[in-house]
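*Asks:* Here it is, the structure, as C-alpha cells.
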Amino acid sequence: MRQVWRNCHAATMAGGRYSAIERAAILTRDELIEWIGPEDALPHADGAAVHDLGGAWVTPGLIDCHTHLVFGGDRSREFEQRLQGVDYASIAAQGGGIASTVRATRAAREDELYDGARRRALQLLRDGVTTLEVKSGYGLDLASERKMLRVARRLGQALPLTVRATFLGAHALPPEYEGRADDYVGEVCRMLPVLAAEGLVDAVDAFCEHLAFSPAQVERVFLAARQYGLPVKLHAEQLSSQHGATLAARYGALSADHLEYLTESDVLAMARAGTVAVLLPGAFYALRETQLPPVGLLRQHGVPIAISSDLNPGTSPALSLRLMLSMACTLFRLTPEEALAGATLHAARALGLQASHGSLEAGKVADFVAWEVGHPAELAYWIGGDLPRRVVRHAALAHVTAAR
Ligand code: NIG
Ligand code: FE
C-alpha cells in the first residue's frame, strides 16, 4: 500500500548527519519509505492514502539503544540512601544495588516482569521511541536470564516497537559465586550459546568496572560472543578508567557506553573501529557524577555519539528519552542537533540497525514521529512534559493507548 504524508518539515538525518528539508513530503510503500523530499517535487502516487501532517516537524522514530527496562522491584529506598551520602559502590558492597534487583527479578514470574516492562515501554513509545534495546543482566542464572530475554522478545511482538535483546550475563557477580568471579564468567560463556540457540540474543554486553568484571574477564565473554557470531558492546569507563572501551574497539564493538572516564587513546581506538560512544546523562545525573565524558575528543576524532536513557531501577530510572536529550545538552554540552542525531542516526548504528533505521531516506523503514513544534530543537528544549505528536511505525499510526 502506498501512502503520502504531506504538509510537514523533515529532520531527515540523511547523509550521516543532522539535515533538514522544509515543506517536505514522504511517500511510503508498505512498511518502507519510497521517497522523501520537498513537497513540490512529490512523485505522482495515484490511489495513495494522503495524511496531512499540519505543518509538523517529522523526525526519525527515536531509538533508545541502552536500557535495562525488564526488572523486578524498584530501588527507591536506595535512592534515599544515596541522597544521604552513601555512594553507589558502598551500596553495592552491602548487597544492595544490582544484587537487590537480581533478588527481585529472580523471584518474579515472567508475566509480572512483562507487565512492568510493558508499562515502561509504553511510556517511552508515547514519547516518540519506536526502537528499543533491552538488556538482561538481573537474572545471572540461565533460567532467570532466559526469563528476562523472553520478556524482551514478547514486548517486540506485542507493541509497535522494534526490540533488540542484549545478553548482559556479565553484569554483576551473583551471590552464589562470591569470590569465584572467573568461574561465573565461565558460566556466562556456557549460558550464551544456549540462549542464542533459542533466538533470544541479538548482541552481548558486559560491565567492565572495578566493582564488576575486569578487562581480562570481559575478553573471555567477547571471545565467546565472537565464536557464536554475535556483536558485542560494553559498559565501560563509568566509574573509573579500565580501558574497557579500547578492548571493546578491538572486538569491533557496536558501542561502548557511559564513558565518563574515557581517555584519548580509548577515543582513538573507538574511532578506528567505528564503535559508537553511547552517553547516558540519566545515570550521570542520578549518581551526581562530576566527571564529564570527553565530548570534545569524541567530536575531534569523529566518533559517533549516541544518547540513551539507560532506563534501570538503580542509576537511571528515566522514563523519557526526550528528557535525556535535554540533559545531554545541558549537562554534556551537546547541541540539540547532536542530541537528536544521537537518539536516531547514531543510536541505530549502536544497535547495528543503520541500514534500515535511524534516518528518513528511501529504502529505510517508515518509522517516524510528527511533532507539533516550531523547530526540532524543541525536542531537547522542553524539560519533560508531553509534546503533541503522532508516532508512526512501519507506516502505520501507533495507537499507543490501545496497544496490548
Ligand atoms: O548502566 N552500569 C551498570 N549497569 C547499570 C546500572 C544497573 C543498576 O544499578 O541496576 C547502568 O548504569
Ligand atoms: Fe546500563
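Quick note: the sequence shown, position 170, residue 170 per the UniProt record's numbering, numbers continuous. All residues carry an ideal CB built from backbone N, CA and C; glycine is no exception.
Within the segment 332-391, note down every full beta strand (DSSP E) run reaching 3 residues or more, in order along the chain.
*Replies:* 368-371
*Asks:* Anyone know if the C-beta pair for residue 299 and residue 305 falls short of 9 Å?
*Replies:* The Cβ atoms of residue 299 and residue 305 sit closer than 9 Å to each other.
*Asks:* Can you list, in chain order, the residues of its chain with a C-beta nearer than 7 Å to that of residue 402? Leave out the 5 residues immediately preceding and following it.
*Replies:* Per-residue confidence for residue 402 stands at a pLDDT of 38, beneath the threshold of 50, marking its modelled position as unreliable; the derived number appears in the next sentence. Within the same chain, and ignoring the five residues on either side of residue 402 in sequence, no residue has its Cβ closer than 7 Å to its Cβ.
*Asks:* Under three-state DSSP, which class holds residue 265?
*Replies:* helix
*Asks:* Should residue 238 be counted as a contact of the ligand NIG given a C-beta to heavy atom distance under 8 Å?
*Replies:* yes
*Asks:* Secondary structure at residue 19, three-state DSSP: helix, strand or coil?
*Replies:* coil
*Asks:* Check whether the Cβ of residue 209 lies closer than 8 Å to any heavy atom of the ligand NIG, and answer yes or no.
*Replies:* yes
*Asks:* Select from 382, 355 and 375 the residue whose C-alpha is nearest the C-alpha of residue 15.
*Replies:* 355
*Asks:* Evaluate residue 50 with the Cβ neighbour count: other Cβ atoms within 10 Å of its Cβ, from every protein chain shown; 16 or more gives buried, anything less gives exposed.
*Replies:* So residue 50 counts as exposed.
*Asks:* Find the nearest neighbour of residue 259 within the set 239, 180 and 17, judged by alpha-carbon distance.
*Replies:* 239
*Asks:* Taking only three categories from DSSP, how would you classify residue 71?
*Replies:* coil
*Asks:* Whole-angstrom Cβ separation of residue 42 and residue 4, contact assumed at under 8 Å?
*Replies:* 7 Å
*Asks:* Please confirm whether any heavy atom of the ligand FE lies closer than 8 Å to the CB of residue 259.
*Replies:* Between the ligand FE and the CB of residue 259, the shortest heavy atom gap is not smaller than 8 Å.
*Asks:* Going by other Cβ atoms of all chains shown within 10 Å of its Cβ, with 16 needed for buried, is residue 84 buried or exposed?
*Replies:* exposed
*Asks:* Which value, in whole angstroms, describes the spacing of the CA atoms of residue 40 and residue 352?
*Replies:* Between the alpha carbons of residue 40 and residue 352 lies a gap of roughly 34 Å.
*Asks:* Taking 7 Å as the limit between beta carbons, can you name the residues of its chain near residue 384, skipping five residues before and five after?
*Replies:* 320 and 323
*Asks:* Give the list of continuous alpha helix (DSSP H) stretches no shorter than 4 residues that lie fully inside the segment 40-117.
*Replies:* 76-83, 88-93 and 98-107
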